[in-house]
Amino acid sequence: MTDTPIERRAFTRVAIDLPVEVQQGGSSWRQRLIDISLGGAATDQPDVWDAQYNEPFTLLIDTGAAEPLELFAYLQHVENGRLGFKVDHVDRENIDLLRRLLAAHLSNPDVLDGELRRLDEESDVEDD
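Here you go:
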């Protein structure tokens, strides 16, 4: 038996410390981004966290661009002061910004091409 956890992520994650506003309904929490991928994001957990776990969230990530990167996500887990979100949807106008953000922090940004193709294929299957 091994003590090494098996990596099950479908998309490459990169550690990025950026401000993020997490919104749900009329509530909003200012947090810090811990890491991000095409399929998910992790943030720190605010001191007061009274969100509805089964309802969707909007993540507005301040990348320094004119407009924030907007992701629509569901909360997947809460552990060790960290919130893990699964990205449910990225608008077309945000996918390029997300790709540029990830590429700037990857040693091999070409890996994103394959991941974007896989993401497109998955969304095509969901649209059928």
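The sequence shown maps to residues 1 to 128 in UniProt numbering. We treat Cβ as the ideally placed atom computed from N, Cα and C, and that holds for glycine.
Backbone CA spacing between residue i and residue j [nearest angstrom]
| i | j | result |
| --- | --- | --- |
| ALA51 | GLN45 | 11 Å |
| SER37 | LEU98 | 8 Å |
| GLU55 | GLN23 | 11 Å |
| PHE85 | LEU69 | 15 Å |
Residue i - DSSP class collapsed to helix/strand/coil
| i | result |
| --- | --- |
| ALA42 | strand |
| ILE36 | strand |
| ARG99 | helix |
| ARG118 | helix |
| ASP50 | coil |
Environment of residue i [buried if 16+ CB atoms lie within 10 Å]
| i | result |
| --- | --- |
| ARG82 | exposed |
| ALA66 | exposed |
Cβ-Cβ separation, residue j to residue i (assumed contact under 8 Å), whole Å
| i | j | result |
| --- | --- | --- |
| VAL20 | THR43 | 6 Å |
Contact under 8 Å by Cβ, residue i with residue j
| i | j | result |
| --- | --- | --- |
| PHE72 | ASP96 | no |
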